[in-house]
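Presented below is the structure to which this report refers.
In full-length UniProt numbering, the protein residues as written are 1 to 773.
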């Protein structure tokens, strides 16, 4: 009995020691970079991240910045949001035990800070107090144990010495959470198919075998595991070993504002920065990533101090150049890091070791000088394990420095690194000595040949560096400047030609971003002029122009109140289509409606083959709190009851701004009207007119008495805002009309115009007009 009491007491004391040390470790963090600058209290700057259930553990080879831009355009849709402290709780309606959770997210999105917050909340007795021990690891740490032999107990004793001092050698009796952060940085084999089975926590083996048996549930089967990874590495863990996959989406638009208001206590300064970021679509998208928010805040804080209220950086290239200048004034270090970035980017490496740095002439002993440019993880108090692991703060920073290296090398020596090796990923079209425009054009061609957009951001930076204004900011790196207005004009012309070759919508959008980095807005202005003058209807838009139109809808600083898609024509193979709109086009339109910058008030999609699937996509955009659409026309779009259900959900959303809706000449029938009426009954519905021009809402929709009964019920809801209703060319019959007429006695009804049959007008109680046949 004494032994049991002593063990429990020792375990409790050990738990207190573990919590105390973890609290000291995680209560203050270094934003963006480690071991540089002054740490910030985690609880002071932590902003809740957008975490959702969904996806799977499969490989995603898409470029991470493209993933971020795609996520920023995703229409709002019902999702299961998960808070940090509930990461292991079963979702509502599910009883399955969650043992292993995989959390995916692109670099810098906040995965590590998320695990630190979970650990800190536990250590500070704020959450998950049923857990006895939380043991956070990073794969960077575990990489350094490659080739060593130790048991699971020895591994825990090694990293958490408090457990060794307490004499704890068995962990099965405790509720334990093991966190493994950064699977994408793992350099262990993780051979789940061939590794030996291990069940004894005291048996020594390799760290690789320990991890695979932990994840498979052979070791500590009742422990909870939390693995974080970038999407490109998720498939290293077999799907059957993961109980739930979550995704960190980063900051929503309101969370971006919250971050900057926390970072800048001065309200006026914070408001100016937030307003500036919203004006630049590229910056606003990238601020979806918490690390980029930190980069942006670092730059803008410095610019506001030194420029006395001058112009703030608008493009990604300008922002990164300023960041480079803020972080370091050392020419040699920048050039060395640029070489490292480019050579490792060619190899596909995102994590580097001392040998990699040494090959590029970087002195590891001078780490304090250049630590601001990449994250360093120092192995402290780990016995013989004193190695260091390096990576850039974010993949985009590596691509920027790689672009700096390529551009500076060309300007200083005339060597085109893009065509150095015909066996490499880079094009070998041009000779070593080439004109600047040939360098830039070869970079464009290489980016277009990349199937997954892996060179897109690198290309944007390289083109941005060709501007003399940006080169001025990099004084000291180059022996001369290397751009001219003629070069820029030729490059712009070349990019426009590539756009007009009808590439994919995603490629078109990146090329528009490229034009933006070159400060060329001619193609965008061309489309804007068409919209303002109404002359777009005289043109048959190319896919590129439709992509430009979508780009404008997402990024234009000017308000766009009305968009009548019937006036235009195009194909389905573009971001926005014309008369042949279908489901894919509706998804793009939904992203426009759910964009925070959207000011669209009126949308006419009549006589398109949208069908229910397209309207379902469109309704997701209507449900977004950012949507400001007031009038929607869907006449002749082949809708049935399923489409009505989606629209009813949108009408019930809070807030719903829709005031006018046209569903005429669709096969709604009574079942569809019944679904729609459910939305009309919602207290959030603000619909006033179920009509549009000459063709009105329910005209010709095969409505009978049953549908009239549903409408009468909806009109009796409190409050009902409906003022106008058109039932012409339907078959309500006497009984249907009687139902609606009886409802006129209801004081909650606000109906003023009712149309059915051939047009003639009569008065009836509160109705101003009844048009019947």
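Don't be surprised by glycine CBs; every beta carbon is placed ideally from N, CA and C.
All figures in this text were calculated on a predicted structure; none of them were measured in a lab.
Taking Cβ positions only, does residue i come closer than 9 Å to chain C?
{"i": "residue 687", "result": "Given the protein chain composition of this structure (a single chain), no chain C is represented."}
If we call anything under 9 Å between Cβ atoms a contact, is residue i one with residue j?
{"i": "residue 83", "j": "residue 149", "result": "no"}
{"i": "residue 280", "j": "residue 314", "result": "yes"}
{"i": "residue 179", "j": "residue 133", "result": "no"}
{"i": "residue 463", "j": "residue 317", "result": "yes"}
{"i": "residue 160", "j": "residue 201", "result": "no"}
{"i": "residue 634", "j": "residue 679", "result": "no"}
{"i": "residue 638", "j": "residue 610", "result": "yes"}
{"i": "residue 594", "j": "residue 627", "result": "yes"}
{"i": "residue 466", "j": "residue 440", "result": "yes"}
{"i": "residue 456", "j": "residue 521", "result": "no"}
{"i": "residue 114", "j": "residue 103", "result": "yes"}
{"i": "residue 199", "j": "residue 214", "result": "no"}
{"i": "residue 395", "j": "residue 107", "result": "yes"}
{"i": "residue 608", "j": "residue 643", "result": "no"}
{"i": "residue 228", "j": "residue 105", "result": "yes"}
{"i": "residue 498", "j": "residue 437", "result": "no"}
{"i": "residue 324", "j": "residue 392", "result": "no"}
{"i": "residue 622", "j": "residue 590", "result": "yes"}
Residue i bridges to which residues according to DSSP?
{"i": "residue 227", "result": "102, 180"}
{"i": "residue 149", "result": "206"}
{"i": "residue 51", "result": "248"}
{"i": "residue 160", "result": "According to DSSP, residue 160 bridges with nothing at all."}
{"i": "residue 137", "result": "180"}
{"i": "residue 41", "result": "28"}
{"i": "residue 81", "result": "52"}
{"i": "residue 406", "result": "According to DSSP, residue 406 bridges with nothing at all."}
{"i": "residue 291", "result": "None; residue 291 has no bridge partner."}
Could you please give the first and the last residue of the uninterrupted beta strand (DSSP E) stretch that includes residue i?
{"i": "residue 631", "result": "631-633"}
{"i": "residue 662", "result": "660-662"}
Sorted by chain position, which residues of the same chain lie with C-beta nearer than 6 Å to residue i's C-beta, five sequence neighbours on each side aside?
{"i": "residue 404", "result": "338"}
{"i": "residue 17", "result": "162"}
{"i": "residue 185", "result": "139, 140, 351"}
{"i": "residue 674", "result": "710"}
{"i": "residue 19", "result": "123"}
{"i": "residue 510", "result": "456"}
{"i": "residue 145", "result": "207"}
Starting from residue i, follow the alpha helix (DSSP H) in both directions and report where the run begins and ends.
{"i": "residue 340", "result": "331-347"}
{"i": "residue 647", "result": "641-651"}
{"i": "residue 258", "result": "253-263"}
{"i": "residue 356", "result": "354-359"}
{"i": "residue 444", "result": "436-449"}
{"i": "residue 270", "result": "267-279"}
{"i": "residue 678", "result": "669-680"}
{"i": "residue 620", "result": "611-622"}
{"i": "residue 457", "result": "456-465"}
{"i": "residue 113", "result": "111-123"}
{"i": "residue 499", "result": "485-499"}
{"i": "residue 468", "result": "468-473"}
Within its chain, find whatever has a CB closer than 7 Å to the CB of residue i; leave out the 5 residues flanking it on each side and keep chain order.
{"i": "residue 516", "result": "282, 315"}
{"i": "residue 402", "result": "338, 341, 342, 345, 458"}
{"i": "residue 126", "result": "none"}
{"i": "residue 326", "result": "298, 299, 302"}
{"i": "residue 336", "result": "360, 361, 362"}
{"i": "residue 4", "result": "Unreliable positioning characterises residue 4 in this predicted model, as indicated by a pLDDT of 38, which lies under 50. The coordinate reading is nonetheless provided below. So the list is empty, once near-sequence residues are dropped."}
{"i": "residue 645", "result": "675"}
{"i": "residue 209", "result": "195, 196, 198"}
{"i": "residue 15", "result": "132, 133"}
{"i": "residue 381", "result": "The predicted model places residue 381 with a pLDDT of 32, which falls under 50 and marks its position as unreliable; any figure quoted below should be read in that light. Cβ neighbours of residue 381 beyond the five flanking positions: none."}
{"i": "residue 447", "result": "455, 456, 459"}
I'd like the list of long-range same chain contacts for residue i, defined as Cβ closer than 8 Å, with 5 residues on each side in sequence excluded.
{"i": "residue 477", "result": "331, 334, 335, 404, 408"}
{"i": "residue 424", "result": "The predicted model places residue 424 with a pLDDT of 40, which falls under 50 and marks its position as unreliable; any figure quoted below should be read in that light. Only 346 meet the Cβ criterion."}
{"i": "residue 713", "result": "677, 681"}
{"i": "residue 28", "result": "39, 40, 41, 42"}
Item to check | Cβ pair count under 8 Å reaching 3, the segment 680-690 against the segment 656-665 | outcome: yes
Next on the checklist: For the structure I just gave you, are there three or more beta carbon pairs, one from the segment 264-273 and one from the segment 287-294, closer than 8 Å?
Outcome noted: no
Next on the checklist: Can you confirm whether the segment 164-177 touches the segment 219-237 when touching is taken to mean that 3 or more C-beta pairs between the two stretches lie within less than 8 Å?
Outcome noted: yes
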